[in-house]
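What follows is a set of notes on a single structure, which appears directly below.
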Amino acid sequence: MSRFAYLIDTWPDVYEILKDAEEKLYYDSNITLIKLRQAVEIIVKKILESEENFDQVELVELIDKLDTIDYLNRNFNNKLTNLFHEIRKYGNKAAHEGYKDDELAKYFLDELKDILFQIKKIIKGDNTDYEKNFINPFTFNCNVSIEEELRESKNWFERGVFETKEEFYQRIKNHEGIKIGKIYLEKVEPIITEKIAAFPFSIYKIDETIKFPEIKFIYMNKNDYNDLPKNSSDFEIYSKLDVVNEEVVIDIENTYIFVNKKKYKVNVLVLDSNWYESKDKFKETINRLDPIPIGIVKIKMNEYDIETEKLPIKIEEYYWMSNFFNQKKGYIKIDRNSAKILCKENIIFNLIGKLICWEDSIKVKRCYIESKEFNTSIIINLEKEDNILGYIEQAELGNKEAIYKIGELYFEGEGVEQDYTKAYEWYKKAAELG
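The opening position of the sequence shown corresponds to residue 0 in numbering that gives the first Met the number 0, with each subsequent residue numbered one higher.
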C-alpha cells in the first residue's frame, strides 16, 4: 500500500515514480534516491506550470524559483525548497557515485508524502470527501481528518418527554441503522488474505449524542468480497444502534454495506476493552478474530545464510498495532531453492497475525506471510519471541508447570511488565494444583 495513493488520479506520473521508489527502498536505496530526484523534477515543473513562470532551466534554479511563489512561502517557509534541494543533491550523488542510504531514503519518502499532500490540496483546491475522511489502516503514520456530520435530527436520539425508558430503548434498537462511514474499493486496493478482505475507510463525525468507538480496522469475509460486483466503487457503512448504560451507541456487531440492495456483513475492529460490556466479551471477540494484516515484511535477500537456511526479514507494524506488537526483526527458515523462488516472487509481503487477548492485553500469537508461488503460509520467526505465549494455552488447560512459569515471567519482568502481585497470584494457582 503506497503512502502516495492520493496522487493516483491527479498526478499519476509522479505516483508511479514514487511507488517504484518505495518498492526499491529495502532492495536498493540507490535506485530509490534516483527515483526521488526524478519525481522532484516533475513535481517542481508541475508547480511552476501552475504559476505560468516555468522555464527550461537546471533543476537547482527551478527549485529556487519556488521561493518566489507566495502561497508556498506562507505554507512552508523554506521547508519545501530545502527538502527538494536535499533530494536533488543526494539523487545526483546516487546517480553518479552509486551512493545509497536506506534511512535517508525513507526519511525523504516520509517527508515528501506529507508535503505533497498539502501542495496537492493548495494547488487543486482538492477537498473531496475521499481526501478529508480517508483513513488508511495499512500505513505507519496515520493522520485522520473527520469532517462529515451525521444528517439526523439530534432530538431523534434523545428520549422524548412522553416516552418511557423501555419505549426509548426499543425505538433505538428498532432503528434501521445509520451511516457511519465508507469503505473504499475504487481508489485503493484492499488487502486480501486467505480468509478476509480489509479496506481503507472513512468514519463520519457522529453527533455527540451517540457514543462511538475508535475503529482501527474494517474487513469482510473473503467469500462475500468475491461476491461483490467487479470494478466496485465505494460503499457507505451502516450500523444498527443499541443502548448501553442509558447511552445510545453504535452496535459494532451489526455493521454492514448494501450492494445492489443486498446486505453484506462488514466487521469493525475496536481494540478498546472499555467499549465492551465485559472483559470476557472483549476477550471472546478478540480471540475469535481470523488472522488479519498487522504490518509488512521486507525480505533481506542479500543476507540469506545458506548454512543455517535463515532468510532475515525486517518488520514494520501498522500504526494501530504499535501498542501491541513491537517486533522489528525476524527470519524465515527456508531452504536455498525455495528462498530463491520466494525472493523472485516479491521482497515485500503482508504480515498476517493472529491476535489473542490475555490478561486484558492484546498479543500476537502467530505471524506468517502468504505466498502465491507456494500456495501456502510461511511462518515468521521473530527475533524477540514473546515467551509468555508459549505457556498461555497450557496454563488455560490447567498445566501447573506452565502456570508456575508464568509466575516466574511476571516476577522477573521477562516478556511482560514486572508485577509481583500477578507473580504471586500465578504461583498461588500453581501451588493449589499441587
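Using N, Cα and C, we set each Cβ at its ideal position, and we do this for glycine too. Quantities reported herein were computed from a predicted structural model and do not represent experimental measurements.
Within the same chain, and ignoring the five residues on either side of Gly97 in sequence, the residues whose Cβ sits closer than 8 Å to its Cβ are Asn29. The C-alpha of Pro290 lies about 17 Å from the C-alpha of Ile314. Annotation for Ser272: no beta strand (DSSP E) segment contains it, and DSSP assigns it neither H nor E. Of all C-beta pairs linking the region 302-311 to the region 257-275, fewer than three are shorter than 8 Å, placing the two stretches out of contact. Within a 10 Å sphere around the beta-carbon of Tyr423 sit fewer than 16 other beta-carbons, which makes this residue exposed. By a beta-carbon distance limit of 8 Å, Ile377 contacts Ile331. Their separation comes to about 6 Å.
C-alpha of Asp12 to C-alpha of Phe116: approximately 15 Å in a straight line. Taking 8 Å as the cut-off, the beta carbon of Asp233 is found closer than this to the beta carbon of Ile182.
Secondary structure of Asp241 (DSSP, three-state): strand. Annotation: the region 330-358 contains the following complete segments of the alpha helix (DSSP H) (minimum length 4 residues), in chain order: 335-344. Within its own chain, the residues whose Cβ lies closer than 6 Å to the Cβ of Lys421, once the five positions on either side in sequence are excluded, are Tyr409, listed in chain order. Between Ile86 and Leu35 the beta-carbon gap is near 5 Å, inside 8 Å, which marks them as a contact. Taking the C-beta atoms as reference points, Ile368 is found nearer than 8 Å to Ile351. Taking a 10 Å sphere around the C-beta of Ile305, we find fewer than 16 other C-beta atoms and assign the residue as exposed. The three-state reading of DSSP puts Leu310 in strand, counting E and B together. Rounded to the nearest angstrom, the Cβ distance from Leu108 to Ile177 is 38 Å, too far for a contact under 8 Å. In chain order, Lys353 place their CB closer than 6 Å to the CB of Arg365, counting only its own chain and leaving out the 5 sequence neighbours on each side. The alpha-carbon separation between Leu111 and Glu48 amounts to approximately 20 Å.
In the displayed model, Gly90 falls within a helix according to three-state DSSP. In the three-state reduction of the DSSP assignment, Lys328 falls in the strand class. Annotated as distal: Ile179 and Val242, with beta-carbon spacing of 8 Å or more. Using a Cβ distance threshold of 8 Å, Tyr426 and Pro136 do not count as a contacting pair. Ranked by Cα distance from Thr375, the options Ser360, Lys399, Ser337 are led by Ser337. Taking a C-beta distance under 8 Å as the contact criterion, Thr31 and Ala20 qualify as a contact pair. Cβ contact annotation for Ser272 (same chain, cutoff 7 Å, sequence separation greater than five): Lys278, Phe281, Asp359, in chain order.
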